[in-house]
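Residue numbers (full-length UniProt numbering): 1 to 323.
One structure is given here, and the rest of the page talks about it.
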């Protein structure tokens, strides 16, 4: 019975695109993938490494490259074409004459135009000097999130980021029943369960790149809220209120603008150009949709608190709106 349920639960079609199986995500050819057993591990580790690495790449490595005289060659970006992008990703990066002729008819372009497009598209994909210097092109270009999916090796920083983040949310879920019950108690439960489900699925289905971006977007505003809470306890009211206002701005930008119009757009629009949609595609986007609805709910609470702060005599009492 248990064996049957396990086989059904781990059925390839639920987790992976058509024509792919779990054997395709076994470590080989220098690529390392996340494993289900990894999710059981909860080790104490500092997220400072990820932050230091990002700061180093952005503010040290790039200026250093410029100081050393390393310059990125100007590349001509090709115009986006869904038919050609799908062919490029799923069929071949160097089509033959017969395929060029067929694609020319579909796109209404000349054969010469088609050959130029594929040549520039190949050049566009080659990493430049600064890209090698900084690493992770998908961090800056969301189309790169799905390049070569699902055969994308996991970085060590991503591994630890996932392990720590999931451990943190498990602790929140377990402790919320012992904490003081707040107005958004049910929403907190839904949020933690949706986040854990989303992280676990993205790990197993190798949605690691987009999962990392989702976590970064959600974590970016928390530092301001937690700092404001500390200052609130210390009775630094003016500084506390200023930080809360800054938190509100960052929350609105990351959760209501970047999250739906960049991240969800990336997970909903781009994947079909690279592989046939499958159950996991809809499931993952449904989880993101649930998080977005919770963001809207918390944004309403934050705006209400800001109104009272600006037009009333209210001292901020921070209940965790968005963790």
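Don't be surprised by glycine CBs; every beta carbon is placed ideally from N, CA and C.
Under three-state DSSP, which class holds residue i?
i: residue 97; result: helix
i: residue 186; result: helix
i: residue 238; result: helix
i: residue 132; result: Note that residue 132 scores 48 on pLDDT, short of 50, meaning its location in the model is unreliable; the coordinates nonetheless yield the value given after this. Here residue 132 sits in helix by DSSP.
i: residue 106; result: helix
i: residue 44; result: Summary for residue 44: the model assigns pLDDT 39, below 50, so the residue's position carries little reliability; its value from the coordinates is reported in the next sentence. It is coil, neither helix nor strand.
i: residue 390; result: Given that the chain is displayed from residue 1 to residue 323, the structure contains no residue 390 and the question cannot be resolved.
i: residue 28; result: strand
i: residue 246; result: helix
i: residue 283; result: helix
i: residue 329; result: Only positions 1 to 323 of the chain appear in the structure, and residue 329 is not among them; the question remains open.
i: residue 254; result: helix
i: residue 209; result: helix
i: residue 302; result: helix
i: residue 176; result: coil
i: residue 154; result: coil
Please name the residue in the options whose C-alpha comes closest to that of residue i.
i: residue 162; options: 201, 145, 187, 147; result: 201
i: residue 251; options: 261, 298, 169, 119; result: 298
i: residue 192; options: 260, 171, 110; result: 171
i: residue 173; options: 20, 194, 155; result: 194
i: residue 222; options: 91, 245, 237; result: 245
i: residue 141; options: 263, 287, 308, 296; result: 263
i: residue 166; options: 199, 27, 154, 187; result: 199
i: residue 310; options: 150, 242, 100, 55; result: 242
i: residue 153; options: 267, 239, 27, 273; result: 27
i: residue 90; options: 210, 159, 147; result: 147
i: residue 169; options: 207, 210, 209, 219; result: 219
Is it true that the CB of residue j sits closer than 9 Å to the CB of residue i?
i: residue 117; j: residue 164; result: no
i: residue 205; j: residue 102; result: no
i: residue 325; j: residue 122; result: There is simply no residue 325 to check, as the chain begins at 1 and stops at 323 in what is shown.
i: residue 256; j: residue 296; result: yes
i: residue 86; j: residue 274; result: yes
i: residue 284; j: residue 207; result: yes
i: residue 58; j: residue 151; result: no
i: residue 259; j: residue 306; result: no
i: residue 224; j: residue 247; result: yes
Could you check the C-alpha separation between residue i and residue j for me, to the nearest Å?
i: residue 24; j: residue 110; result: 38 Å
i: residue 43; j: residue 145; result: Confidence at residue 43 is low in this model, with a pLDDT of 37, below 50, so its placement is unreliable and the value that follows should be read with caution. Using only the alpha carbons, I get a separation of about 28 Å.
i: residue 253; j: residue 229; result: 21 Å
i: residue 189; j: residue 197; result: 12 Å
i: residue 276; j: residue 308; result: 49 Å
i: residue 187; j: residue 226; result: 19 Å
i: residue 157; j: residue 93; result: 31 Å
i: residue 212; j: residue 303; result: 28 Å
i: residue 120; j: residue 17; result: 28 Å
i: residue 217; j: residue 55; result: 16 Å
i: residue 149; j: residue 272; result: 11 Å
i: residue 135; j: residue 63; result: Because residue 135 carries a pLDDT of 49, less than 50, the predicted location of this residue cannot be relied on, and the following value inherits that uncertainty. Cα to Cα, residue 135 sits roughly 14 Å from residue 63.
i: residue 115; j: residue 294; result: 47 Å
i: residue 48; j: residue 286; result: Because the pLDDT at residue 48 is just 44, under 50, the model does not fix this residue reliably, and the point stays unresolved.
i: residue 238; j: residue 215; result: 30 Å
i: residue 81; j: residue 240; result: 49 Å
i: residue 300; j: residue 98; result: 57 Å
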